């Protein structure tokens, strides 16, 4: 009988030790998850537009509102050939240098927008696209069916099929600089949510789309300058120059919806 009691006591001790050992990784993982979540700075609370304002302005331009807990540019779709812009917005409470930025977004058919970073204000004769790199957001499938791109693309030297949306203009590309890998791209249809992530450090920049890394490059490298000085931005003194600045969203005469907007410093 004593032997039986001793056996059960030993088994109970083993079970207790195993439980404590098994729980330790779970607790550590939970602590790491909490710590990671605490590093995120949420740029939109789903209720107000606190922190957001016009580029070079003090308040939000008309049309930018919160609807159904989503930061929305509530406007009619304009045509590319009539585009004038002027209603870009920034998160104006803080500038960022090295970061991981995440956002969920959706566009209508024929929609177009973009994500700016390292954006500076108060520069004469220069708007956000002339200053900031841009993570392109666009309706890859339908944009060229709705908008006339021919004159614009010819002005950039795209003489082969100028009516088409060019690879450097498609979603998740570093606009007019680096093409998103089409084999890695998973782009949900218009009207459905997509997620984008930008990771920026001086050693490497990454663009992610719906959980897949679709491009990377080294900023201010020899290759970067070759692309900058031979393409659309060759005459733009300030393009990509700044190593810190604001996060912004582009007005391209298109409705757009943003949610779960967050950033963490690296």
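Residue numbers (our numbering): -12 to 253. Yeah, the Cβ is synthetic: ideal placement off N, Cα and C, and Gly gets one too. From a predicted model like this one, the values you see are computed outputs, not experimental measurements.
Query, Result
"Which listed residue (80, 29 and 67) has its alpha carbon closest to that of residue 45", "80"
"Span separating the alpha-carbon of residue 116 from that of residue 226", "8 angstroms"
"Every unbroken beta strand (DSSP E) inside the segment 111 to 195 [3 residues or more]", "121 to 125 and 181 to 187"
"Residues that DSSP places opposite residue 106 in a beta bridge", "233"
"Minimum C-alpha distance to residue 250 - residue among 218, 162 and 234", "234"
"Option in 69, 65, 193 and 213 with minimal Cα separation from residue 160", "193"
"Span of the beta strand (DSSP E), counted from its first residue to its last, around residue 81", "76 to 83"
"Given 8 angstroms, three or more beta-carbon pairs between the segment 93 to 108 and the segment 128 to 140", "yes"
"Proximity to residue 30 [Cα-Cα], best of 63, 62, 69 and 76", "76"
"Chain-order list of residues whose beta-carbon lies under 7 angstroms from that of residue 113 (same chain, five-residue window excluded)", "225"
"DSSP beta-bridge partners of residue 200", "195"
"Under the three-state DSSP convention, the category residue 208 falls into", "coil"
"Exposure label - residue 120; buried when at least 16 CB within 10 Å", "buried"
"Neighbour-count burial assignment, residue 142, 16 or more Cβ in a 10 Å radius", "exposed"
"Residues that residue 240 bridges to, as DSSP identifies them", "For residue 240, which the question treats as bridged, DSSP gives no partner whatsoever."
"Residue of 232, 123, 36 and 118 minimising C-alpha distance to residue 220", "118"
"Residues of its chain near residue 149, where Cβ-Cβ distance is below 6 angstroms and the 5 sequence neighbours each way are ignored", "137, 140 and 141"
"Where residue 45 falls: helix, strand or coil (DSSP)", "coil"
"Burial state of residue 74, where buried means 16 or more other Cβ atoms lie within 10 Å", "buried"
"Straight-line Cα distance separating residue 39 from residue 71", "21 angstroms"
"Residue 101 beta carbon less than 7 angstroms from that of residue 237", "yes"
"Among 198, 243, 54 and 57, the one whose alpha carbon lies nearest that of residue 124", "243"
"Residues of its chain near residue -12, where Cβ-Cβ distance is below 8 angstroms and the 5 sequence neighbours each way are ignored", "In this prediction, residue -12 has a pLDDT of 48, which is less than 50 and means its spatial position is unreliable; nothing more can be read from the coordinates."
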